[in-house]
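Notes to accompany the following structure.
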Amino acid sequence: MSTLRDFAYVFIVSDKAESFGLLTKVLIPVLLTLSLSLPYIFPGVKISAVQTLVALLYEVAIAVYLAGFRRFVGMLRFIGLFILLGFTLNIVSVFMGAEPFDPIYIALATLRVVAVVLAITLLFQMLSISEIRYLLLKLKLKYYSEVFAVAMAQLPSTFISFSEAYIAAKLKLGGRSIASLIKPLVVESILNSRYVAEALYMHGLPPVARPRLLSPLDPVLLVPAVVVSLLHLMVT
Amino acid sequence: MNKMADNTSPIISGVRDDSTRPLVVKNLWFRYPTSSNWVLRGVNLSVGPGEVVLIVGASGSGKTTLLRSLTGVGSWIYRGEAVGEVLLGGRRIEELAIEDLRRLVQVVNQNVYTHFIEHVVKSDLYNTSIAIHGVDRGRKMFWKVVNIFKLEKLLKKKFFELSGGQLRRAAIAKAMLWDPSVVILDEPLMWLDDEGLEEVRELITTLKSMGKSIVIFEHRFVSLLKLASSVYLLKSGVLKMMNHEQLRYPRDISLKVLVKSDEDTGVGSLDSYVELLGVRDVWFKYDRSEDWLLKGVNLTASSRNSTIAIYGLNGSGKSTLLKLIAGYLSPSKGRIERSSRIKTIYIPQNIYLFFTEESLKREFEVTCSKYLEREICLEIGVKKLRSLGVDVELDASPFNLSWGQAVRAAISIATSVGSDTILLLDEPFTGLTYADRLSLASLLNSINSPKVITVSNRETISLIQPAKIYEIRSGLLFDFNSEVDLEVITAAEKCRELGM
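Chains as they are written, first to last, in this note's numbering: chain A, -16 to 219; chain B, 1035 to 1534.
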């Protein structure tokens, strides 16, 4: 339950993010993600271990500041899924005939994946639903902005339902076909959507207020992010 | 509204024309596009300023459809056919633009989570207010509503962190941003504990003092009777005014329905007085930084007929205790011992989350076939379902059952694996009419499986007889003395007589 609750909070904006401007909140994850993804986009580019570690430390510091240590651990669990997936793919590829990877290379690649995913997770920690809707509207994606708002609003109650369905299914089925718990959750979501439609009918969607673009506190977060992102130019 | 072309068209008969009243319904008929049967059959209703109209009725009586018709949702979202008139502020509902409609009538539906888009309460309400009234007036309206409904301490919270009563308060406040003349509350007491109930009663009093016309649809109506200006019974699509005293009048009540039956509906065999469950000095908290939710809880279920009822307000830790017993959570300190001879089945508060299969038949097969042969499972299943009054086909989807049927079906499925089962029921009476509560209590009292049942309101806990009843408060378990609530029993008996 606790794990699930912390996991749900990965997708919920932190109160502390209010102090920063929208531009900074978008730029930080985008800069970090792009700089760490350079080797994937341009195979010739190399990222040093130092840069990956510094980026990771910087992200951890922001995540702990925004979400608190406990919820940061929840984020790590989320990221752990990606690590597991990447590790499994590496192992499977060896069995499929690929050349065995250097363990140090695997460790560094894994760290980089963690840093990229953590950067993306920071987006949810920093941007409110209203701000994401604002960005989507600016990108002329009005329909998706509305769908996104409704989906994100219902996410917490879906997580609450998940734990109930999980216990019921686990005890009833004794661990067999635990995937069956998807069915009640889907039905619950459909039933819920009727209430959502009725509530939207009565209230409409709240308008998207123009968010604050800049804040005096922005340099505190933004300058280190720029330095970390450009570190490979300095180190390599 | 659409005129009917066939012979079954209802005739709009003479009803007093009172265009000054905020809500007037004249001979309203309604049916859904998927059926030729009318769900509403000539409903008449008139609600004046400051009046509270309480509408009661059994599941399937048409309450939800009436509610949908009063706002136009029935026609515009569900594409139903409506005949007759709904007048809001003297204007026919179909002539109103959506913005005008929202300023005349607001609904707070039973799933209040769906009213919020922004996670933080302040953002959601403030942005809505600005959208309705513009910046200056919107800001004033927002703070006015915050003050009236005492929301100051809730503004920074996220809506899913609020208690049931607080959530209802925030949702009603959001509706009031429109300053509507009519407020409709759909099952406002759903999921609420005794404190939440008091909170909603206060809210209704506030709305009444503001001169709002209030229409309430509620199963748990006893505690609202004193607030109601008039009470209506909706039965088979027909609305009939009731006398308050008809639902309140004390009578000689037979308590035989609550007396435990000796009938063994299970197939297992456990010796009496064997300890089945032991909760030993269990301490629990979700996070290190939080206070203890449970502080040294001790509990035993020591015979196969043992029933334990735990009463507590929302957030008191009773659901957490069930999850610990279920093995989903682990105690921070202490231990939980379960007899290896018994199975544990958990029936959640939201009953539809219990079901995992597309038909009742499959439910019985997947649940019971681990322990018994498939044919025997089905035989037991049918017998149990019928004995509990669920007269639907085994091929029926459990998700299409009414709430009351779903609860009974879940209990049938849970007990089909034998009486060597501990049933963990989290607030099983939620969402049930008084008559259904009485039936369920009678049913639970007759099942020879040990049970741990959580309840958040006193009026229901007294129905579980005989049971060892505890109150959970401040993380501790206390013995709880409960007497049968005759007012609730009276209401339940009356509901049975009235067929609701």
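Just so you know, even glycine gets a beta-carbon here, dropped at the ideal spot from N, CA and C.
What residues in the region 114 to 125 of chain A have a beta carbon less than 7 Å from any beta carbon of chain B?
Within the region 114 to 125 of chain A, no residue has a Cβ lying closer than 7 Å to any Cβ of chain B.
Taking 8 Å as the cut-off, does the region 1132 to 1142 of chain B touch the region 1081 to 1096 of chain B (at least 3 CB pairs, one atom from each stretch)?
no
Secondary structure at residue 1437/B, three-state DSSP: helix, strand or coil?
helix
Considering Cα atoms alone, identify which of 1309/B, 1506/B, 1122/B and 1364/B is closest to residue 1321/B.
1364/B
Spatial neighbours of residue 1143/B in its chain, beta-carbon cut-off 6 Å, leaving aside the 5 residues before and after
1220
Touching by the beta-carbon criterion (3+ pairs, under 8 Å), the region 116 to 132 of chain A and the region 172 to 192 of chain A:
yes
Report, in whole angstroms, the separation of the C-beta atoms of residue 1055/B and residue 1082/B, which I expect to be a contact under 8 Å.
5 Å
Please go through the same chain and pick out, in chain order, the residues whose beta-carbon is closer than 7 Å to the beta-carbon of residue 1448/B, but skip the five residues on each side of it.
1379, 1381, 1455 and 1457
Quick one: any contact between the region 1424 to 1438 of chain B and the region 1385 to 1400 of chain B, if contact means 3 or more CB pairs under 8 Å?
yes
Check each candidate in 1361/B, 1176/B, 1155/B and 1411/B and name the one with the smallest Cα separation from residue 1200/B.
Of 1361/B, 1176/B, 1155/B and 1411/B, the residue nearest in Cα terms is 1155/B.
I'd like to check one pair, residue 105/A with residue 12/A: are the Cβ atoms closer than 8 Å?
yes
Sub-8 Å separation of residue 1271/B and residue 1141/B beta-carbons:
no
If I follow the unbroken beta strand (DSSP E) through residue 1064/B, where does it start and stop?
Residue 1064/B -> beta strand (DSSP E) spans 1057 to 1065.
Distance, Cα to Cα, residue 1/A vs residue 1187/B?
19 Å
C-alpha gap between residue 153/A and residue 1114/B, whole angstroms:
One C-alpha to the other measures close to 40 Å.
Any C-beta of chain A sitting closer than 8 Å to the C-beta of residue 1200/B?
Not closer than 8 Å to any Cβ of chain A, the Cβ of residue 1200/B fails to qualify, so no.
Beta-carbon proximity list for residue 1495/B, same chain, < 7 Å, skipping 5 on both sides
1343, 1345, 1489, 1503 and 1516
Applying the 10 Å Cβ sphere with the 16-neighbour rule, what's the burial state of residue 1471/B?
With 16 or more other Cβ atoms within 10 Å, it is buried.
Give the C-beta separation of residue 1064/B and residue 1108/B to the nearest angstrom, bearing in mind that I take them to be a contact with Cβ-Cβ under 8 Å.
Confirmed, about 6 Å.
Is there a Cβ from chain B that is less than 8 Å from the Cβ of residue 3/A?
no
Rounded to the nearest angstrom, what separates residue 1246/B and residue 1215/B at their Cα positions?
5 Å
So, using beta-carbon positions, are residue 5/A and residue 196/A closer together than 8 Å?
yes
Quick one: which chain B residues come within Cβ less than 7 Å of residue 170/A?
Within chain B, the residues whose beta carbon sits less than 7 Å from that of residue 170/A are 1386 and 1433, listed in sequence order.
Closest to residue 1480/B by C-alpha separation, out of 1499/B, 1491/B, 1463/B and 1469/B, would be which residue?
1499/B
Can you list, in chain order, the residues of the region 1151 to 1178 of chain B whose Cβ is nearer than 8 Å to any Cβ on chain A?
1151, 1152, 1153, 1154, 1157, 1158, 1161, 1162, 1164 and 1165
So does the region 127 to 136 of chain A actually touch the region 1144 to 1153 of chain B, counting three or more Cβ pairs closer than 8 Å?
yes
By Cβ distance below 7 Å, which residues in the same chain neighbour residue 1234/B in space, the five residues on each side in sequence not counted?
1199, 1202, 1222, 1223 and 1226
Within 8 Å, strictly: CB atoms of residue 1466/B and residue 1253/B
For residue 1466/B and residue 1253/B, yes; Cβs fall inside 8 Å.
Give the single residue among 124/A, 41/A and 64/A whose Cα lies nearest to the Cα of residue 207/A.
41/A
Could you pull out every unbroken alpha helix (DSSP H) segment of at least 4 residues lying fully inside the region 37 to 118 of chain A, listed in chain order?
Note on the region 37 to 118 of chain A: whole alpha helix (DSSP H) runs with a minimum of 4 residues are 52 to 78 and 86 to 109, in chain order.
Taking the alpha-carbon positions, what's the residue 1262/B to residue 1409/B distance?
Taking the straight line from one Cα to the other gives about 53 Å.
Assuming the contact rule is C-beta atoms closer than 8 Å, residue 1351/B and residue 1333/B should be a hit. Round their C-beta distance to whole Å, please.
The pair is not a contact, with the Cβ atoms about 12 Å apart (cut-off 8 Å).
Establish whether the CB of residue 1213/B and some CB of chain A are separated by less than 8 Å.
no
Can you give the beta carbon distance from residue 1446/B to residue 1419/B, rounded, assuming they're within the 8 Å contact cut?
5 Å
In whole angstroms, what separates the C-alpha of residue 1484/B from that of residue 1341/B?
Using only the alpha carbons, I get a separation of about 6 Å.
Among 1428/B, 1096/B, 1211/B and 1189/B, whose alpha-carbon lies nearest the alpha-carbon of residue 1171/B?
1211/B
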